[in-house]
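**Student:** Residue numbers (the working numbering): 1174 to 1426. Using N, Cα and C, we set each Cβ at its ideal position, and we do this for glycine too.
(1) Along the chain, where does the beta strand (DSSP E) that runs through residue 1209 open and close?
(2) Who pairs with residue 1245 in a beta bridge, going by DSSP?
(3) Could you tell me whether the segment 1352 to 1361 touches the segment 1318 to 1338, where touching means 3 or more Cβ pairs closer than 8 Å?
(4) Less than 8 Å between the CB atoms is what I'm expecting for residue 1333 and residue 1422, so what's the real figure, rounded?
(5) Comparing alpha-carbon positions, which option in 1275, 1268, 1286 lies nearest residue 1262?
(6) Looking only at its own chain, which residues have a Cβ that is under 6 Å from the Cβ of residue 1293, when we skip the five neighbours before and after it?
(7) Report all residues from its chain with a CB closer than 7 Å to the CB of residue 1424; omit the five preceding and five following residues, and keep chain order.
(8) Within this structure, are the beta carbons of residue 1300 and residue 1200 separated by less than 8 Å?
(9) Kindly give me the distance between the Cβ atoms of residue 1461 and residue 1344, rounded to whole angstroms, as I take these residues to be in contact under 8 Å.
(10) Go through the segment 1326 to 1370 residue by residue and report every complete run of the alpha helix (DSSP H) that reaches 4 residues or more, in order.
(11) If residue 1254 sits next to residue 1280, beta carbons under 8 Å apart, how far is it from one beta carbon to the other, in whole angstroms?
(12) Name, in chain order, the residues that DSSP records as bridge partners for residue 1182.
(13) Can you grab the Cα-Cα spacing for the pair residue 1303 / residue 1260, in whole Å?
(14) Leaving aside the five residues before and after residue 1328 along the sequence, list all residues of the same chain whose C-beta is less than 7 Å from its C-beta, in chain order.
(15) Taking the straight line between their C-alpha atoms, what separation do you get for residue 1256 and residue 1289?
(16) Are the Cβ atoms of residue 1403 and residue 1388 separated by less than 8 Å?
(17) Assign residue 1413 to buried or exposed, taking buried as 16 or more other Cβ atoms, counted over all protein chains shown, within 10 Å of its Cβ.
(18) Could you spell out where the alpha helix (DSSP H) holding residue 1254 opens and where it closes?
(19) Helix or strand or just coil, what does DSSP make of residue 1277?
(20) In whole angstroms, what is the alpha-carbon distance linking residue 1177 and residue 1308?
(21) Could you give the residue range of the beta strand (DSSP E) that holds residue 1400?
(22) Could you have a look at residue 1190 and say whether DSSP puts it in helix, strand or coil?
As structure tokens, then:
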């Protein structure tokens, strides 16, 4: 699903406005619009109505934020949105977290990830790693993804875990994949995964020589009954670096 008319919205509640700004500053795609929303239902509905892919960023820690997140969650259920992803930085309101989990196709709760990075960077990596698969600006080196198949992979589990890797120098693709595999969310859940998706991003076409080899450890470690799908995409902004994102979806709560 590569489409130069693809509309992507990154929407954040007021308490994560800094994260929205961080993503807007670092993301080079011209197909993303950014919004910091309050609890005005009509405004939220208007923003979501024009989007094909929605990323919601929030921290469910106070009443005002929970009201806004609740309305966003309600609206994503009523609009015809291809893919919805919620990135939860923290959640002290269990009821609202459950409502978001029931409303969004993919929910990534950063409190469950055990990633030793700032929430702003993790949120950016998630947005970039998923969005680049669908955006024609990051045209595929290998295995153009079928949108429906990828959607099914990303939304088939009850819990979603992510891992990231970056590397440069000798054998950077393999090194970046291994770094992502060693991140606790991936390492601790790979064997029970219902589906695994990996996106390899890089500017150097030489990474193609390593791509197949880099997948071997994942095939070896993944549940044999699970699905594994991977793509290689082009991103000039990385220079000599290779960036890898692995998403693991598990069936159990």
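**Tutor:** Short version:
(1) Sequence index remark: in the chain shown, residue 1209 carries index 36 (1-based). Counting along the chain, the beta strand (DSSP E) containing residue 1209 begins and ends at 1205 to 1210.
(2) Taking the chain shown and counting its residues from 1, one reaches residue 1245 at position 72. Looking at the DSSP output, residue 1245 shares a beta bridge with no other residue.
(3) A contact exists between the segment 1352 to 1361 and the segment 1318 to 1338.
(4) Numbered from its first residue, the chain shown carries residue 1333 at position 160. Numbered from its first residue, the chain shown carries residue 1422 at position 249. Under the criterion of beta carbons closer than 8 Å, residue 1333 and residue 1422 qualify as touching, at roughly 5 Å.
(5) Mapped onto the chain shown, residue 1262 falls at position 89. By alpha-carbon distance to residue 1262, the top candidate from 1275, 1268, 1286 is 1286.
(6) Along the chain shown, one-based indexing puts residue 1293 at 120. Hits under 6 Å: 1192, 1195.
(7) As a first step, residue 1424 is located in the chain shown; it is residue number 251 there, counting from the start. Annotation for residue 1424: 1330, 1331, 1367 place their beta carbon closer than 7 Å to its own, counting only its chain and skipping 5 residues before and after.
(8) One-based indexing of the chain shown puts residue 1300 at position 127. One-based indexing of the chain shown puts residue 1200 at position 27. In this structure, residue 1300 lies near residue 1200, with their beta-carbon atoms less than 8 Å apart.
(9) Any answer about residue 1461 is impossible in this case: the structure gives the chain only from 1174 up to 1426.
(10) Runs of the alpha helix (DSSP H) inside the segment 1326 to 1370: 1345 to 1355, 1357 to 1360.
(11) Mapped onto the chain shown, residue 1254 falls at position 81. Mapped onto the chain shown, residue 1280 falls at position 107. Cβ atoms of residue 1254 and residue 1280 stay farther apart than 8 Å, at about 15 Å.
(12) Locating residue 1182 in the chain shown gives position 9, counting from the first residue. In the DSSP assignment, residue 1182 is bridged to 1206, 1227.
(13) Here residue 1303 refers to the residue found at position 130 of the chain shown. Here residue 1260 refers to the residue found at position 87 of the chain shown. The alpha-carbon atoms of residue 1303 and residue 1260 are separated by roughly 12 Å.
(14) What you label residue 1328 is simply residue 155 of the chain shown in a count that begins at 1. Excluding residues within five positions, the ones whose Cβ falls inside 7 Å are 1278, 1279.
(15) Against the chain shown, residue 1256 aligns to sequence position 83. Against the chain shown, residue 1289 aligns to sequence position 116. The straight-line gap from Cα to Cα measures roughly 27 Å.
(16) Here residue 1403 refers to the residue found at position 230 when the chain shown is read from its first residue. Here residue 1388 refers to the residue found at position 215 when the chain shown is read from its first residue. In this structure, residue 1388 lies closer than 8 Å to residue 1403 by Cβ.
(17) Locating residue 1413 in the chain shown gives position 240, counting from the first residue. Exposed, because fewer than 16 other Cβ atoms sit within 10 Å of the Cβ of residue 1413.
(18) Here residue 1254 refers to the residue found at position 81 of the chain shown. Counting along the chain, residue 1254 falls outside any alpha helix (DSSP H), and DSSP gives it neither H nor E.
(19) Start at 1 with the first residue of the chain shown, and residue 1277 comes out as number 104. Coil, per DSSP.
(20) Within the chain shown, residue 1177 is the residue found at index 4, counting from 1. Within the chain shown, residue 1308 is the residue found at index 135, counting from 1. Caution is warranted here: a pLDDT of 49 is assigned to residue 1177, below 50, making its placement in the model unreliable, and the coordinate value is therefore given only provisionally. Roughly 7 Å between the two C-alpha positions.
(21) Start at 1 with the first residue of the chain shown, and residue 1400 comes out as number 227. For residue 1400, the uninterrupted beta strand (DSSP E) segment begins and ends at 1400 to 1407.
(22) Translated into the one-based positions of the chain shown, residue 1190 becomes position 17. Three-state DSSP puts residue 1190 in a helix.
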